[in-house]
Structures are given as structure tokens and as C-alpha cells.
Ligand SMILES: *Cc1c(COP(=O)(O)O)cnc(C)c1O
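Residue numbers (our numbering): 48 to 410.
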């Protein structure tokens, strides 16, 4: 038996004809950058998120950086976010010259804890970046006068009430890294926003500050969405709701099968939200032993993420110490990601669940 953590080739096998036709059309047209495939995807993705504008960019990290910059965040500013996330969230803050101020996550949802928000705010705070980690929908606080940028890199299609993530803040950053719920065949990302001025600034900054071909009105750089990636994403977007539904079914099946195992806990899903389960993550007693046991049985697992950002050497300059964010530290030491992808099938969920029960000797 071999059950991988994710399998990005399984979806291609299912959609091969559609995707290859879309890629062939881009190749035949020769518009590899800023072609019609990009505009088509941007329109479709904006509609999917329920916002007016989507701007395709080079990757999710650039999407965060561009959104921050377009909302006026820069040197001397503080940005509040969580330490329980991928490093890119804090990297983007550093790239615009601002400083990340972490607040601890909630012990039940594992996401930004609004109760800690005030402790993270300073007179210099210009933005808050809630992270919809693992496809779960974070609280999106709206402190007065402070921009809110959702890190939606793991949550394409997740909902709060009848709104999708991407429509909950002033702007949102998405990643289309191949393993994400909506994944390209390389690096890709997007900023979505209801604000036409923010969308326009992102577009300028990501394309050399260019208003017309030779008219550079601000100093930008190059972070555009490739036409080939856009063509792949347009096809996959049409299948995203179905893929997320499969993730939901498998996540529910895991949680049912493991509900009576006292050694494992899953994050709470906030009332009124509908997650899209980018990853199936549990806090597990004897986590590393469990992983070794599963690996010996052909089950691949992961850890997202073993070191909270305030303890990463890359962010030592922020001046935090062990003990500053106890919930984040506890999660980093205990969470394990179990296999989850839309094509995995119920039998694989059952096999993994049985192996976890065997490890804890819960019959
Ligand atoms: C993947 C990811 C990013 C960065 O996206 P890239 O496309 O890899 O640059 C940012 N934040 C989170 C939470 C992510 O998972």
C-alpha cells in the first residue's frame, strides 16, 4: 500500500483532454504573456470569488506583497498576522519594508484569535493579514482605519455565510502553487479586490509600473500570470467546486472515523463557515511516533508547520522568543497532516484511519 499526502497528477489524468486543448490554443496563438487567456481567467476567478476584480500575478507571495503595497503599506508600518502559517505571509510584509507583529492563534480554531488582536495593534499598524489556514475560514476583524488583506492561499472557494473568502477583506491574495486547491502547472497567483483603484495599482506594480507600453508611472517590477498557467487554471476552476466537495466528504469521513480516538483533536470549524480542507490536520499525541508508524505502513504524512514563524531563524530580527505564542508553539509540536486530495477515494481514507487507530490501540 502507498497512500501519498497529495497527488497533483491525479487531477491531470481526469482533465487531460480539456487541459491539453486549452494549452494548445495558447501555444498556437503565441500570446504567452498578457494574452486573452489571462483576461479570461481573471474574469472567471473574480466571478467565482464574488468580487469585481482579480489580477493574475506570478505567485502567492507576490500577491500578498502587491496587495500590501497597493493598500499603502510600506516602511515604518506594522502588519498584524499569525505565527501559524507558511513563511510567505511574513516574508511579504518584510518585502514592503513593514514589520510583522504576531498574535497567537485560537486554541480551538487554530486561526487568528480576535481576543489577541488589540495586543498586536500599535500606532503604526496599517494592515491585518488573517490567514485561512488549511482551507478553514479565519475570523476577519475590521479595526477602523486598518486595511485587511486575506491570505487565501489555502482556501479557494471556502465560504463565510454566502460569501467566499477573497470577498471578506479589502483585498485577498491567492496562490495557485500546484498543490493548492486550485493549482497551476508551475508558480502562479492572484490578488482579488472589490476596489478598482487597488486592482489598478496591483496591475501597475506587477507590470513594471506601466500605464502604456513605454510610460512607466510608478516603480514596479515583473510579476505577471503566464498565459499557459491561466489556460490551465480556467479549466481547473470549472471543476473546483466538485474537487472541494470531494475534499469535504473525505475530511468528514476522517473525522467520523477518528472521533472516538482521544489522542487526536481536529480544529473547530467556526459557525457559519464552510472550509475547503486544503489539508487534513490533527493535533496528535506522540506525533512523530505516529508519523513513523504510518510511514512504515505506506502512508505519507506531513507537518504544516513544524516551526512557528516567530521562532524561524529568518524572522529572528523581529525579536520574539519561545513562550511568546504558546498555542502556536503547541500546534507546531503536535500537528500532523494526513493524506487528503480529491481523487484519493474512500478506501484510502479508511485505510489511513485504521492505521491511526492501530497506532493508538483504539479498536
Ligand atoms: C502557498 C502559500 C503562500 C505563498 O504562495 P506561493 O504561490 O507559494 O508564493 C502564502 N501563504 C500561504 C498560507 C500559503 O500556503
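Ideal Cβ placement from N, Cα and C applies to all residues, glycine included.
6 Å Cβ shell around residue i - same chain, five flanking residues per side excluded
i	result
residue 325	181, 182, 201, 228
residue 186	159, 161
residue 222	107, 200, 236
residue 310	332, 407
residue 367	357
residue 84	73, 274, 277, 278
residue 163	150, 151
residue 121	143, 144
Residue-chain proximity (residue i, chain B), Cβ-Cβ < 9 Å
i	result
residue 358	Of the protein chains in the structure, only one exists, and it is not chain B.
heavy atom of ligand 1 below 8 Å from residue i C-beta
i	result
residue 185	no
residue 180	yes
residue 107	yes
residue 222	yes
residue 406	no
residue 236	yes
residue 133	yes
residue 156	no
residue 382	no
residue 283	no
residue 128	no
residue 81	no
residue 116	no
residue 312	no
residue 111	yes
residue 101	no
residue 124	no
residue 147	no
residue 200	yes
Option in the options with minimal Cα separation from residue i
i	options	result
residue 55	153, 391, 406, 309	391
residue 351	119, 130, 159	130
residue 312	191, 331, 296, 301	331
residue 336	359, 307, 380	380
residue 319	355, 206, 114, 217	206
residue 243	340, 217, 346, 397	217
residue 409	304, 283, 167, 120	304
residue 291	321, 301, 394	321
residue 59	359, 93, 120, 283	283
residue 118	252, 404, 150	252
residue 166	156, 127, 48	127
Residue i burial status per 10 Å Cβ neighbour count (16 or more: buried)
i	result
residue 333	exposed
residue 169	exposed
residue 116	buried
residue 148	buried
residue 77	exposed
residue 248	buried
residue 79	exposed
residue 265	exposed
residue 192	exposed
residue 315	exposed
Chain-order list of residues whose beta-carbon lies under 8 Å from that of residue i (same chain, five-residue window excluded)
i	result
residue 87	277, 281
residue 132	178, 180, 198, 352, 356
residue 308	403, 404, 407, 409
Own chain partners of residue i with C-beta closer than 7 Å, once the 5 adjacent residues on each side are dropped
i	result
residue 246	100, 102, 240
residue 24	The requested residue 24 is not part of the displayed model; the chain covers only 48 to 410.
residue 138	108
Near ligand 2: residue i beta-carbon under 8 Å from a heavy atom
i	result
residue 171	This structure lacks ligand 2; its bound ligands are ligand 1.
Inset, instruction - Give a yes or no on contact between the stretch 223 to 243 and the stretch 258 to 267, applying the rule of three or more CB pairs nearer than 8 Å. - result: No, because fewer than three Cβ pairs between the stretch 223 to 243 and the stretch 258 to 267 fall closer than 8 Å, the two stretches do not touch.
Legend entry - the stretch 260 to 277 touching the stretch 365 to 385, judged by at least three CB pairs closer than 8 Å: Between the stretch 260 to 277 and the stretch 365 to 385 there are fewer than three C-beta pairs closer than 8 Å, too few to call the two in contact.
Legend entry - Inter-stretch contact (C-beta, 8 Å, three-pair minimum) for the stretch 192 to 210 and the stretch 68 to 76: No, the stretch 192 to 210 is not in contact with the stretch 68 to 76.
Inset, instruction - Taking 8 Å as the threshold, find out whether the stretch 93 to 101 comes into contact with the stretch 170 to 178 through three or more Cβ pairs. - result: Output reads no: the stretch 170 to 178 does not touch the stretch 93 to 101.
Legend entry - Segment contact, 8 Å Cβ cut-off, at least three pairs: the stretch 102 to 116 with the stretch 262 to 270: Cβ pair count under 8 Å is three or more, so yes.
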